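Novice: In full-length UniProt numbering, the protein residues as written are 1 to 530.
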């Protein structure tokens, strides 16, 4: 095991601009090299004002004997294609730590992902020019940072397509108005915004109430907005606001916040939202996703908001995508989805014929054939006219009988594709399930292709048929040979026969051409025999 060592540069600069580029690269390469092989923290001396502490692996916190020597502490986590590097910047002043941190994320080898932990650092002393150097990053995450209005406005202007900006346990000095102003007036659209406070952050309020209302009522042209129910801990009456967002939502709803919401709405103060009043909220989001988490001792009567979520989806009737996941803490076996929630899910799907993509988390079991208060999940998906993609999130504890239900479903509805997504806790690959369903998936793709040919104009289709016939004649091959009987038919021949029968069923004109070709060939063979 490599022991901690002190690396002091040959030249100790008081100001970073006094260093040459060669000296900067030498220090950076030495730090990254020792981080790769070290099993304990490594201290890199910088100057009398501050130093760097390199942490092994992906540690986000570190206890070191050097911490008490400094009054300012900032932690940075850099991630690139190869590895993740965690660095603590310690200093006797916030200004010194800020200068070193700015150089680290804007140096010669620019990291693609940066995570900034405020810890014991006054984040407000960083200039906007320092934060502008984060423009090259694909994702920037801030944790425990108190930011000024100018800083938040600059960070909002950096958000664009294929970029992610996330805040966790942060605080905006002005309540978030400058951030939202810059977000609405930026030149580029798109980007992913995440506001995910931790559960233990009880008193940290990122956005004030007017900014929260504006976040969900105004369209900021985002690719996705991800929030959790912890965001509304100080405003429990606004727990339903994400359902009225005008962009794609990923909303994680925790049971503790749901209980607080019910307690608040049953009181005498604040906004009273009853389930019967929920349909008054306009649901403008076309791509809602809901993740519901609860404790093991929760009952079905406690799960009001998931049913309200699907009630809102049912009244919107213009959804394009829908995602839902249900998790319950405790136990290694998948728990069944409560029947009331599944009924609400089926009703929402039945009311939105335009849903093209559906994402279901397989961390719970679905009763595919239950018809307690309406059509079953199997019948709803089998008769859905708009569904084109069904994405299943596979867990280690997913129900193994799901493949059987999928096989039956794919035979009833051949118009959609099934995709598998491996979750972080999954112990096996989804390719195992895909391999079991490969034959029916391939056949359904062929079925959809034959229907697509029916949309061609007649001239284009006849030109295509003529080209196929010339190709067959050139290779001395006849399509009708596929339907000839054999003494010992194989699985591949049987699949070819099914595809050919399906194809000719939709294209009778091509069938007539093939029949005429068979008649001509038989006449030629008879003439040769004579």
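Ideal Cβ positions, reconstructed from N, Cα and C, are used throughout, including at glycine.
Model, not experiment: these values are computed from the prediction.
1. Under DSSP, the beta strand (DSSP E) around residue 119 begins and ends at which residues?
2. Thinking C-alpha only, which one of 328, 361, 365 and 378 is nearest residue 350?
3. Quick check on this structure: which residue in 76, 217, 154 and 142 has the alpha carbon closest to the alpha carbon of residue 197?
4. In whole angstroms, what is the alpha-carbon distance linking residue 352 and residue 308?
5. Is residue 269 helix, strand or coil by DSSP?
6. Which whole-angstrom value is the C-beta distance of residue 77 and residue 115, which I expect to be below 8 Å?
7. Quick one: what does DSSP say residue 98 is sitting in, helix, strand or coil?
8. Decide if residue 188 is buried, meaning its Cβ has at least 16 other Cβ atoms within 10 Å, or exposed.
9. Leaving aside the five residues before and after residue 252 along the sequence, list all residues of the same chain whose C-beta is less than 6 Å from its C-beta, in chain order.
10. To the nearest angstrom, report how far apart residue 110 and residue 328 are at their CA atoms.
11. Only counting the same chain, and skipping five residues up and downstream in sequence, which positions put a Cβ closer than 6 Å to that of residue 452?
12. Under a Cβ-count criterion, where at least 16 other Cβ atoms within 10 Å of its own Cβ denotes burial, should residue 421 be classed as buried or exposed?
13. DSSP three-state call for residue 89: helix, strand or coil?
14. Assuming residue 222 contacts residue 191 (C-beta within less than 8 Å), just tell me the rounded distance between them.
15. Please report the Cβ distance between residue 177 and residue 211, rounded to the nearest whole angstrom; I am assuming they are in contact, meaning their Cβ atoms lie under 8 Å.
16. For residue 348, which residues of its own chain have a beta-carbon under 6 Å away from its beta-carbon, when the five flanking residues on both sides are left out?
17. Name the DSSP bridge partner or partners of residue 77?
18. List the whole-angstrom C-beta distance separating residue 362 from residue 395, where the pair is believed to meet the contact cut-off of C-beta under 8 Å.
19. Distance, Cα to Cα, residue 375 vs residue 393?
20. For residue 321, does the three-state DSSP call read helix, strand or coil?
21. Answer with buried or exposed for residue 410, where buried requires no fewer than 16 other C-beta atoms within 10 angstroms of its C-beta.
22. Nearest-angstrom Cα distance between residue 193 and residue 217?
23. Straight-line CA distance for residue 113 to residue 79?
24. DSSP three-state call for residue 481: helix, strand or coil?
25. DSSP three-state label for residue 437, please.
26. On the DSSP bridge assignment, give the partners of residue 147 in chain order.
27. I need the DSSP call for residue 442, collapsed to helix, strand or coil.
28. According to DSSP, is residue 349 helix, strand or coil?
29. Would you call the CB atoms of residue 322 and residue 358 closer than 8 Å?
30. If I follow the unbroken alpha helix (DSSP H) through residue 110, where does it start and stop?
31. Just how far apart, CA to CA, sit residue 153 and residue 92?
Specialist: On the basis of the coordinates in this document:
1. DSSP places residue 119 inside the beta strand (DSSP E), whose first and last residues are 113-120.
2. 378 is the residue among 328, 361, 365 and 378 whose C-alpha sits nearest the C-alpha of residue 350.
3. That would be 142, whose Cα lies nearest to the Cα of residue 197.
4. Cα to Cα, the separation comes out at about 16 Å.
5. Reliability fails at residue 269, whose pLDDT of 36 lies under 50, so the model's placement of it is uncertain and the value that follows must be treated cautiously. In the structure shown, residue 269 falls within a coil segment according to DSSP collapsed to helix, strand and coil.
6. The beta-carbon separation of residue 77 and residue 115, rounded to 4 Å, stays under the 8 Å limit for a contact.
7. Residue 98: helix per DSSP, three-state reduction.
8. By the neighbour-count rule (16 or more Cβ atoms within 10 Å), residue 188 is not buried but exposed.
9. Shown here for residue 252: same chain residues with a beta carbon closer than 6 Å to its own, the five before and five after excluded, namely 228 and 291 in chain order.
10. Note on geometry: alpha-carbon atoms of residue 110 and residue 328 lie some 41 Å from one another.
11. Residues of the same chain with a CB within less than 6 Å of the CB of residue 452, apart from the 5 flanking positions on each side, do not exist.
12. Flag for residue 421 reads exposed.
13. Collapsing the DSSP output to three states places residue 89 in a strand.
14. That belief holds up - the Cβ atoms of residue 222 and residue 191 are roughly 6 Å apart, short of 8 Å.
15. Residue 211 and residue 177 do touch by the CB rule: their CB atoms are close to 6 Å apart, below 8 Å.
16. Taken in chain order, the residues that qualify are 310, 313 and 314.
17. The partner list for residue 77 (beta bridge, DSSP) reads 86 and 115.
18. Confirmed, Cβ separation roughly 6 Å.
19. As the crow flies, the alpha-carbon of residue 375 is around 24 Å from that of residue 393.
20. Strand, per DSSP.
21. By the C-beta density criterion, residue 410 is buried, having at least 16 other C-beta atoms within 10 angstroms.
22. The alpha-carbon atoms of residue 193 and residue 217 are separated by roughly 15 Å.
23. Near 5 Å, if we compare the C-alpha coordinates of residue 79 and residue 113.
24. Confidence in residue 481 is poor, its pLDDT being 45 and thus under 50, which makes the residue's placement unreliable; the coordinate value appears in the next sentence. The answer is helix: DSSP assigns residue 481 an H, G or I state.
25. DSSP places residue 437 outside both helix and strand once states are collapsed to three, so it counts as coil.
26. Bridge partners of residue 147: 172.
27. Here residue 442 sits in helix by DSSP.
28. Note: residue 349 maps to helix in three-state DSSP.
29. The Cβ atoms of residue 322 and residue 358 lie closer than 8 Å to each other.
30. Note, residue 110: premise wrong, no alpha helix (DSSP H); not H, not E.
31. Between residue 153 and residue 92, the alpha-carbon positions lie close to 29 Å from each other.
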